[in-house]
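These protein sequences, in sequence, are chains A and B. With the working numbering applied, the first sequence corresponds to residues -14 to 338, in that order. With the working numbering applied, the second sequence corresponds to residues -14 to 338, in that order. Backbone N, C-alpha and C define an ideal beta-carbon position, used for all residues, glycine too. Source: prediction; values computed, not measured. Here the structure comes first, spelled out in structure tokens, and everything after it is commentary.
Number of protein chains: 2
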Amino acid sequence: MTIKIGDVSQAAGVSIKTVSRVLNNEKYVSKATRERVEAAVAKLGYHPNSAARALAGDRSFQIALVYDNPSPYNAQNVQAGVKTRCIEGGYRMISQPSDAGSTTLLDELCGLIDQAMLDGIILTPPFTDNAAIRAELARRDISYVTLSPAMLDHAVAAAFIDNVKAAEEMTTYLVSLGHRRIGFVEGDTRYAASAQRLAGYRKALDQAGLDYDATLVRPGQFDFESGSAAAADLLALKNPPTAIFASNDEMAAGVLATAHRLRVSVPSELSVVGFDDTDLAQVVWPPLTTVRQPVRALGYAAADLLFQLPDKVEQRLLPHELIVRDSTAANDVPIGHCGQGVSEKIKDRKPFP
Amino acid sequence: MTIKIGDVSQAAGVSIKTVSRVLNNEKYVSKATRERVEAAVAKLGYHPNSAARALAGDRSFQIALVYDNPSPYNAQNVQAGVKTRCIEGGYRMISQPSDAGSTTLLDELCGLIDQAMLDGIILTPPFTDNAAIRAELARRDISYVTLSPAMLDHAVAAAFIDNVKAAEEMTTYLVSLGHRRIGFVEGDTRYAASAQRLAGYRKALDQAGLDYDATLVRPGQFDFESGSAAAADLLALKNPPTAIFASNDEMAAGVLATAHRLRVSVPSELSVVGFDDTDLAQVVWPPLTTVRQPVRALGYAAADLLFQLPDKVEQRLLPHELIVRDSTAANDVPIGHCGQGVSEKIKDRKPFP
DNA sequence: TTGTAAGCGTTATCAA
DNA sequence: TTGATAACGCTTACAA
């Protein structure tokens, strides 16, 4: 039989309610009492039962991370970041992989909320921009944060990077190396980041005085296959690009595979760069020059924003880095980064503890 | 305010207990009543509150997956498998990444059990072989299953593949291609699979009448870096191997990277094969010949074994496949597989529903 | 086959 | 600053 609050109160010689007060960091507990209770808790190895807490209070100390992420590395990293912050706050994270295309999406989410008495939710793309979900959450007055949303909403907390700027910097870097024909592989268009990265690419071309050439831009789905296929198309052009910028690293790996298959030497004949969404650059040869996205930090920040929620609704911009990798160099060389935050207060509600 | 069981019972014109009976699939409910209740549940969109269920019954409908996995792809796949089976059974999975080296490991786990009223636990390596954890679980009489344990224990349910046999088949395959000097990169020795795979390699050499040469075997930690380093060592030998067998795919990717860097052509000058623990073969070029481990299926099986637990303690051997990939071939060619299961009944306890 | 009443372990209310 | 007592929403006795 496991230890319960009554056992602790007996051991400490106080009432159950007093133990509860200590556990919840309430005011109006004398220092002596608090210490006595804490000692008893430690001695007995007591852990409060979360089901009972959830039922009696109405917070469950659980939040959910809702995602539909085609890339395991990315999902795992986001999860790790969220989880770290949750543990720090005494919370538990429930991870909820969902199918963005599912017709019963809203029902599933409602079920989760009812069943688990969620205290808050972190939405990741493409759910960030699902109006039905956001309306339902607002209706139920459930705190939520969006991670990398397509559009910023003043009333909704968000953690994100500046994809446009990052893609612009990367493209400008390629131009600075002398490239004039730069191929681009788009990401899955259901994710806002895809359009943002393309926009950055176009912006940099503009600034460099280079014409945008639609034949150099190919669609992709953030996976290896589409990267391979796009590269095959691009390299088969009469006048092929001298560099290819893939919207994420799995596609960049596909580009590399195709280049290798076609005996196009990287990087002497073709530069390949990407967005390191998933840390795959560590696993793929040759080491890619990438925009490093702080995926774990985004997860951590999202949870952090959730915890400060009704007090402060914040839009937090996280820094990215341009990592130039050179197989001959010993170390990676970050050549740029950006980032800053802005915040705004809106309304009062029972805060996360 | 969310709907509760009383609302449903009113709508259906029956008692609360009857609704509860229907929800829990108990016997002794007339078909007509059951249908009436189910209709009310559906109409109201009722979802039982899990905190209340956990408190009143003493099952939480939650199980935990405990892991410390250096490979995100692997972890994600195991999780996906476990989760799938959990959802089928109306359960929720809590994933618990832990640090195998932590001194407070046992405390953490106890905390989780007390707090979440876990109905069961799935242990993955290296926790599968942690005597302290297993003793504590036994003491508390908590159901658990081990996934890929180092040693089979008659009294403990387990899901696993035959690593020895798989490594043996792969090595034999290399021998059949004419290789006589086959390098081997070991995995992290904290994981039992590492020793098992090495054993299979040695066994196959034996059977082929080839001498075991310790200079051809290098240590590794299941990551890209150690694979790179091992390959550098092996290829620098006076008499280098003509094939390298890496104990997992991330290390195989490292081997490929080094080969490429040293201008050793794959596969004409060097064959590289591995264990596809993480599905990375899909992401790495060139496509590797691998032992495909059914990682998702292992997760699914582990949860499945947990659900049938006190009724039947089963040791389930899952099939692996040898996937020969040839860049010129259109499709992968599985050349072998194995698998079968045995089971045994031990004692009675309240079953999972 | 159905219903009634007594908890489950905690927090909230209100009084001391 | 503390403590008694009533919820919280459900399941498990035990009756009917």
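For A:R6, the three-state secondary structure derived from DSSP is helix. Sixteen is the threshold: when 16 or more other Cβ atoms of the shown chains lie within 10 Å of the Cβ of B:Q206, as they do, the residue is buried. A straight-line Cα-Cα distance of about 53 angstroms links B:A214 and B:R38.
Runs of the beta strand (DSSP E) lying entirely within the region 137 to 178 of chain B and spanning at least 3 residues, in chain order: 142 to 146 and 167 to 170. Within the DSSP bridge table, the entry for B:A228 names B:I167 and B:S256 as partners.
Within chain B, no C-beta atom comes less than 7 angstroms from the C-beta of A:N233; the nearest is roughly 11 angstroms away. Residues of the region 75 to 87 of chain A whose Cβ lies closer than 8 angstroms to any Cβ of chain B, in chain order: R77, I79, S80 and P82. Between B:R301 and B:A143, the CB-CB gap stays under 9 angstroms.
Put simply, the backbone Cα of A:L201 is about 5 angstroms away from that of A:G168. DSSP places B:Q47 in the uninterrupted beta strand (DSSP E) bounded by Q47 to Y52. At least one CB of chain B lies nearer than 9 angstroms to the CB of A:T(-13). A:T69 carries a helical assignment under DSSP once its states are collapsed to helix, strand and coil. B:N34 is positioned such that its CB atom lies closer than 9 angstroms to that of A:M102. Contact check between the region 47 to 58 of chain B and the region 100 to 119 of chain B: three or more CB pairs, one atom from each, fall below 8 angstroms, which counts as touching. About 7 angstroms separates the CB atoms of B:I(-12) and B:G30; that is less than 8 angstroms, so the two are in contact. Listed in chain order, the non-local C-beta contacts of A:A41 below 6 angstroms within the same chain number zero, local neighbours out to five positions each way being set aside. Around A:C71, the same chain offers I48, R77, M78 and A288 as residues with beta carbons nearer than 8 angstroms, after the five sequence neighbours per side are excluded. Under the Cβ criterion of 9 angstroms, B:S5 is not counted among the residues facing chain A. Taken through DSSP and simplified to helix, strand or coil, A:M78 comes out as strand. Using a 10 angstroms sphere on the CB of B:A27, the tally of other CB atoms stays under 16, which defines it as exposed. Between B:Y52 and chain A, the shortest Cβ-Cβ separation is not below 9 angstroms. No Cβ of chain A is located within less than 9 angstroms of the beta carbon of B:G185. Rounded to whole angstroms, the Cβ separation of B:E171 and B:S232 is 6 angstroms, and the two are in contact under 8 angstroms. Judged by beta-carbon spacing, A:G66 lies within the 9 angstroms limit of A:A286, meaning their Cβ atoms are closer than that value. Separation of B:A216 and B:T243 (C-alpha to C-alpha, rounded to the nearest whole angstrom) is 6 angstroms.
The beta carbon of B:R277 is closer than 7 angstroms to those of D261, H305, E306 and I308 in its chain, skipping five residues each way along the sequence. Judged by DSSP secondary structure, A:I127 falls outside any beta strand (DSSP E); it is assigned neither H nor E.
For A:L222, no beta strand (DSSP E) encloses it, and the DSSP letter there is neither H nor E. The continuous stretches of beta strand (DSSP E) do not include B:R281, which lies in the alpha helix (DSSP H) extending over residues V280 to F292. Rounded to the nearest whole angstrom, the CA to CA distance from B:Y186 to B:N62 is 26 angstroms.
Using a CB distance below 9 angstroms, the part of the region 92 to 121 of chain B facing chain A consists of D92, C95, G96, L97, I98, D99, Q100, A101 and M102, ordered along the chain.
The criterion of a C-beta distance shorter than 9 angstroms is satisfied by B:V240 and B:G212.
An exposed status is given to A:E254, since fewer than 16 other beta-carbon atoms sit within 10 Å of its beta-carbon. B:T275 is bridged by DSSP to B:G259 and B:I308. Measuring C-alpha to C-alpha distances from A:M236 to each of A:V149, A:R248, A:S179 and A:D(-8) identifies A:S179 as the nearest. Taking the beta carbon of B:N34 as reference, the chain A residues within 8 angstroms of it are L40, D99, Q100 and M102, listed in sequence order.
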